[in-house]
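Colleague: The sequence shown begins at 639 in the working numbering and counts up by one.
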Amino acid sequence: MRTASILGAALTLLASPSLAQDINITTYGGAFAEALNEAYTKPFAAETGIGARMIDNSDPPAKLKAEVEAGNVTSEVYDVEQSDVIRLCDEGLIEPIDPALLPAAADGTPAADDYLPGALHECGVAIMVWSTVIAYDTEAFPDAAPATVADFFDLETFPGKRGIIKRPKYALEFALMGDGVPPEEVYDVLATPEGVDRAFAKLDEIKDQVVWWEAGAQAPQLLADGEVSMTLAYNGRIFDAIVAEGKPFAFIWDGQNLDMDYWVIPVGAANTEAAMKYIAYSTDPVRQADLSKYIAYGPSRLSAATNVGLYKDGTTEMAPYLPTTPENAAVALVNDAGFWADHGTELTERFSAWLAAN
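Shown next, in the form of structure tokens:
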């Protein structure tokens, strides 16, 4: 097990002139990157004097892995998902992070005791909770609106094409829930050969009506262009389309797949001290709550929840739009990163073969 010695001096070394070197932060882009920039990156640069630049990428974990293995790391901080934290850490591609370096809650509670379960990993710190939801165009269903995962797969009652992310994660979970599997049983079922067959059989029912997407920005665009009437989508993207752009979209919270994004530092980063400073700054409980001013993602810190208020428009209450709000979380599936770390490769191979088949 590697130690956190490189990062351990992060906060005490921040006065060093070497830390004036700029850092790059690679994220998935879109509305989330814009929110991160407003809530964290701009104020961080203003308060510390350390320049911080946001870089968009459709697959940050793949970029991180390629750069570390090539010995040419171009970003100090990466935004990755939970299963990627596990895998990248196991492969020795990201630095360990000591939670003692993270700011305590306002009442003095140590950071290690102020995070949701699973939000702190040996090599990563969760920055928010997001979800993959079903979104639909309200104008496509003027009489009766869809409300469940089962409705997503009901092409007769709710006609129109469906948008689905082009990866087994999310697609298979929604398929099983659409076939009647309760959220709490999804991963037990999916861990069996019969469960995998069942998920693909459900996808077979709508395969010829699916429009596959890869980048998060595509999902709301598919709805806006009328190419699909319903789609799996990242909740923040749909919120932004509804509130900022006035699109006639709506959420189906039933079966939403809760996940977290994490900050990680790649091995070989040029400025790990400033990277850790940025991570500590952006995971302060008050600043985590500030993020929800700009996007509908819930905080990963327990003490941050009470600080959530209005959207940046000054009128929209954010709580109803957050995946972590109790009534929304009550019908959620919590993503099992360990499952995908164990089964991701085989299911990706099966999914690719299934896509290629007629």
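Every residue gets a Cβ at the ideal spot worked out from N, C-alpha and C, and that includes glycine.
Since the structure is predicted, the reported quantities are computational estimates derived from the model, not experimental observations.
Are the beta-carbon atoms belonging to A767 and T962 less than 8 Å from one another?
Modeller: According to the sequence provided, residue 767 is Val. The question's Ala does not apply to it. Contact: yes.
Colleague: What is the rounded straight-line gap between the Cα of T641 and the Cα of F889?
Modeller: Here the model assigns T641 a pLDDT of 37, short of 50, so the residue's position is not dependable and the matter cannot be decided.
Colleague: Based on Cα-Cα distance, which residue from V946, M692 and V711 lies nearest to A700?
Modeller: The candidate whose alpha carbon is nearest that of A700 is V711.
Colleague: If we call anything under 8 Å between Cβ atoms a contact, is Y872 one with I765?
Modeller: Taking 8 Å as the Cβ cut-off, Y872 and I765 do not qualify as a contacting pair.
Colleague: Could you check which residue in L726, E965 and S867 has the C-alpha nearest to that of P780?
Modeller: For the residues L726, E965 and S867, the minimum Cα distance to P780 belongs to S867.
Colleague: Name the residue from D694, E822, E685 and I661 whose alpha carbon lies nearest to the alpha carbon of A673.
Modeller: Ranking the options by Cα distance to A673, first place goes to D694.
Colleague: What ranges does the beta strand (DSSP E) occupy inside the segment 844-927, keeping only unbroken runs of at least 3 residues that lie completely in it?
Modeller: List check, beta strand (DSSP E) in window: 848-851, 868-872 and 887-902.
Colleague: Would you report the Cα separation of G1051 and G756, rounded to the nearest angstrom?
Modeller: With the chain represented from 639 up to 996, any question about residue 1051 goes unanswered, as that position is not in the structure.
Colleague: Give the range of the beta strand (DSSP E) segment to which G762 is assigned.
Modeller: Unbroken beta strand (DSSP E) run through G762: G762 to D775.
Colleague: State whether the segment 837-849 contacts the segment 808-816, with contact taken as three or more CB pairs (one from each stretch) at a distance under 8 Å.
Modeller: Because the criterion of three Cβ pairs below 8 Å is met, the segment 837-849 and the segment 808-816 touch.
Colleague: Near A749, which residues of its chain fall below 7 Å by C-beta distance, leaving aside the five closest residues on each side in sequence?
Modeller: Correct list, in chain order: P737, L740, P741 and A742.
Colleague: Assign A690 to one of three DSSP states: helix, strand, or coil.
Modeller: Strand.
Colleague: For T665, tell me which candidate among A690, T786 and A882 has the shortest Cα-Cα distance.
Modeller: Of the listed residues, the one whose Cα sits closest to T665 is A690.
Colleague: DSSP three-state label for E733, please.
Modeller: It is coil, neither helix nor strand.
Colleague: What are the boundary residues of the alpha helix (DSSP H) that includes I724?
Modeller: I724 -> alpha helix (DSSP H) spans Q720 to D728.
Colleague: So, does the segment 712-727 touch the segment 892-907, judging by three or more C-beta pairs under 8 Å?
Modeller: Yes, the segment 712-727 is in contact with the segment 892-907.
Colleague: What first and last residue would you give for the alpha helix (DSSP H) that runs through N966?
Modeller: Per DSSP, N966 belongs to the alpha helix (DSSP H) from P964 to A967.
Colleague: In the structure shown, what three-state DSSP assignment does A648 receive?
Modeller: Only weak support exists for where A648 lies, its pLDDT of 39 falling under 50; the coordinates are left without a value.
Colleague: Taking the alpha carbon of Y919 as the reference point, which residue from W891, P681, T770 and K885 has its own alpha carbon closest?
Modeller: For Y919, the nearest C-alpha among the options comes from P681.
Colleague: Are the CB atoms of Q894 and A970 within a distance shorter than 8 Å?
Modeller: Yes, the pair counts as a contact, with Cβ atoms nearer than the cut-off.
Colleague: Taking the alpha carbon of D835 as the point to measure from, which residue in P806, A853 and Q859 has its own alpha carbon closest?
Modeller: Cα-wise, what sits closest to D835 is P806.
Colleague: Sort A927, Y774, G746 and C761 by Cα distance to I735 and report the nearest one.
Modeller: The shortest C-alpha separation from I735 is found at C761.
Colleague: Just curious, the alpha helix (DSSP H) that T665 is in, first and last residue?
Modeller: Premise fails: T665 lies in the beta strand (DSSP E), I661 to T665, not in any alpha helix (DSSP H).
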